[in-house]
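At position 269 of the sequence shown (counting the first as 1) the number is 450 in the numbering used here, and the numbers step up by one without a gap. Even glycine gets a Cβ: it sits at the ideal position worked out from N, Cα and C.
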Amino acid sequence: MATETKKLKTNNSFTNFINFQFYKLKIMKTITKIILTAALTSVFGLLTSNCFAQDTHFSQFTMTPLQLDPSQAGKFGGDQRAIINYRDQWSSVTNNPFRTYGASFDMHFNKNGKKDNFFGGGITAYADKAGEASLKTTVINLTLAYHIKVNQSSYLSAGVQAGFLQSSLSEDKLRFDSQFDGAGHNDNLSSGETFKNTSFFEPDFAVGVSYTYGDNTTSQVINNGGVGGKKVNVGAAIHHVASPNFSFLNENTDNLNFRYVLHTNTSFGVEGTNMAIQPSGFISYQQKATDVVLGSYFRYNLKEKSKYSQFSNGAAMSFGVHYRFGDAFIPSLLLEMGSFAFGVSYDFNLSGLSTSSNGQGGYELSIRYVSPNPFSVRKSQARFF
Numbered sequence: 182m183a184t185e186t187k188k189l190k191t192n193n194s195f196t197n198f199i200n201f202q203f204y205k206l207k208i209m210k211t212i213t214k215i216i217l218t219a220a221l222t223s224v225f226g227l228l229t230s231n232c233f234a235q236d237t238h239f240s241q242f243t244m245t246p247l248q249l250d251p252s253q254a255g256k257f258g259g260d261q262r263a264i265i266n267y268r269d270q271w272s273s274v275t276n277n278p279f280r281t282y283g284a285s286f287d288m289h290f291n292k293n294g295k296k297d298n299f300f301g302g303g304i305t306a307y308a309d310k311a312g313e314a315s316l317k318t319t320v321i322n323l324t325l326a327y328h329i330k331v332n333q334s335s336y337l338s339a340g341v342q343a344g345f346l347q348s349s350l351s352e353d354k355l356r357f358d359s360q361f362d363g364a365g366h367n368d369n370l371s372s373g374e375t376f377k378n379t380s381f382f383e384p385d386f387a388v389g390v391s392y393t394y395g396d397n398t399t400s401q402v403i404n405n406g407g408v409g410g411k412k413v414n415v416g417a418a419i420h421h422v423a424s425p426n427f428s429f430l431n432e433n434t435d436n437l438n439f440r441y442v443l444h445t446n447t448s449f450g451v452e453g454t455n456m457a458i459q460p461s462g463f464i465s466y467q468q469k470a471t472d473v474v475l476g477s478y479f480r481y482n483l484k485e486k487s488k489y490s491q492f493s494n495g496a497a498m499s500f501g502v503h504y505r506f507g508d509a510f511i512p513s514l515l516l517e518m519g520s521f522a523f524g525v526s527y528d529f530n531l532s533g534l535s536t537s538s539n540g541q542g543g544y545e546l547s548i549r550y551v552s553p554n555p556f557s558v559r560k561s562q563a564r565f566f
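Structure follows, in structure tokens:
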């Protein structure tokens, strides 16, 4: 009788464990569906919104890979990737802060193919609203990249991006010198400017190339953490290849200049530890405007994914320190939990505007989802960062 009771308890425990695991998997699938739906909804939602003007500006540039370089599409440790971004800037100096929204989805193809070369593709949407005149722009792009296996340790990638930008402003909110009557602004005075329209729609294109190296075998060229190995990704891109017209005024042509980008992100594992040092940075040049951001993440693997239980999906934490030359000091934190990553950063303003801003630049949030779990050590999902 005691033996039967013991068996019954054992069977009940096993049944409860199986039921719990099944319930947990259902929860994870639901969360996954929500994240992917949110990213895709954001992309198409921004497509139909009336939002953004200058080129987008993110401090967490490793969380905006397709906005940085089209050759990054499909180039990550997984099969599918969705990212959502938000940036709020200059709320300390204006009642109309600059707000930037972003969403992207990309994946790679030929994952079941026998060839090592493969395609990557994705869609991105970025939007922002700037200043008193509500200058708004929406940018939507489709991206296609091709990744060529050079040898056991490296890949060469090239990508193209095609889409459109749509911009608008509120003419009635603009103020001109000619409307100053000696005492203040006078709406009844003519601005002296003739607007051909307050909204326009232009095609936009970009191209990019990049090279990725890892000191391990091909299956580990770019593993999730880079712990115990060396990984290097460098690239270059040219944006606004079609030089779209960006003028609201009659008989004026103001073409958007090429924007040239050089970028790198690396990972160097500290042997004998769960730590990795991950220097990264980029240089962006557009006409006479130069943006340089350099720094590093310091990553620590909290735990690896368990091969035997769904309780442990792997986790890591990264603390980052970057500097935007002549402008801001940027600390950041990235928490990875299985397929999910949550990033937060803050720009401490160091420029001449710091007197007015009290050093308060702006904060940035990002959420990334990668499927399958990048902590899983499997060949199909260990190709890139």
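- Within the same chain, P384, D385 and F386 come within 7 Å of A423 by CB-CB distance, once the 5 residues on both sides are set aside.
- With fewer than 16 other CB atoms across the displayed protein chains lying within 10 angstroms of its CB, F506 is exposed.
- Within the same chain, and ignoring the five residues on either side of Y336 in sequence, the residues whose Cβ sits closer than 7 Å to its Cβ are H328, I329, K330, T393 and V402.
- Shown here for Q468: same chain residues with a beta carbon closer than 6 Å to its own, the five before and five after excluded, namely N438 in chain order.
- Membership of Q248 in the alpha helix (DSSP H) is indicated by the continuous run P246 to L249.
- The straight-line gap separating the alpha-carbon atoms of F381 and F556 is approximately 45 Å.
- Following the DSSP letters along the chain, one finds F381 inside the beta strand (DSSP E) bounded by residues S380 to G395.
- Remark: C-beta atoms of Q241 and S513 approach each other more closely than 8 Å.
- At a Cβ-Cβ threshold of 8 Å, V388 and V341 count as neighbours.
- DSSP places Q253 outside any beta strand (DSSP E), giving it a letter other than H or E.
- The beta carbon of V473 sits closer than 6 Å to those of I464 and F506, all from its chain and outside the five residues before and after it, given in chain order.
- When rounded, the separation of the alpha-carbon atoms in V442 and A417 is 5 Å.
- Only residues of its own chain outside the window of five on either side were considered, and among them Y267 and V525 have a CB closer than 6 Å to the CB of L546, listed in chain order.
- The C-alpha of T237 lies about 27 Å from the C-alpha of R480.
- In the three-state scheme derived from DSSP, where H, G and I count as helix and E and B as strand, T454 is classed as coil.
- In the DSSP assignment, N530 falls within the unbroken beta strand (DSSP E) covering F521 to N530.
- Residue environment for A470: exposed (fewer than 16 other C-beta atoms within 10 angstroms of its C-beta).
- Excluding its 5 nearest sequence neighbours in each direction, A343 has C-beta neighbours in its own chain below 7 Å: N322, L323 and F386, listed in chain order.
- In the three-state DSSP reduction, T237 falls in the coil class, being neither helix nor strand.
- N426 has N436 as its beta-bridge partners, per DSSP.
- Residue environment for K317: buried (at least 16 other C-beta atoms within 10 angstroms of its C-beta).
- With contacts defined by Cβ atoms closer than 8 Å, R262 and D287 form a contacting pair.
- The Cβ neighbour count for N414, taken over all protein chains shown within 10 Å, is at least 16; the residue is labelled buried.
- Per DSSP, the unbroken beta strand (DSSP E) holding Q261 starts and ends at Q261 to Q270.
- DSSP places G416 inside the beta strand (DSSP E), whose first and last residues are K411 to H420.
- Residue I419 holds the alpha-carbon nearest to the alpha-carbon of Y466 among N494, D260 and I419.
- Looking at the backbone, the Cα of G259 and that of R549 are separated by about 12 Å.
- Judged by DSSP secondary structure, S348 falls within the beta strand (DSSP E) whose first and last residues are S335 to S349.
- No Cβ-Cβ contact shorter than 8 Å links A497 with D528.
- Proximity to N494 across K310, S532 and E517 peaks at E517, based on C-alpha coordinates.
- In the structure shown, F290 adopts coil according to DSSP, grouped into three states.
- Minimum Cα-Cα distance from G303 among the listed residues N446, D435, V502 and T245 corresponds to T245.
- Restricting attention to A326, A339 and G395, the CA atom closest to the CA of Q333 is found in G395.
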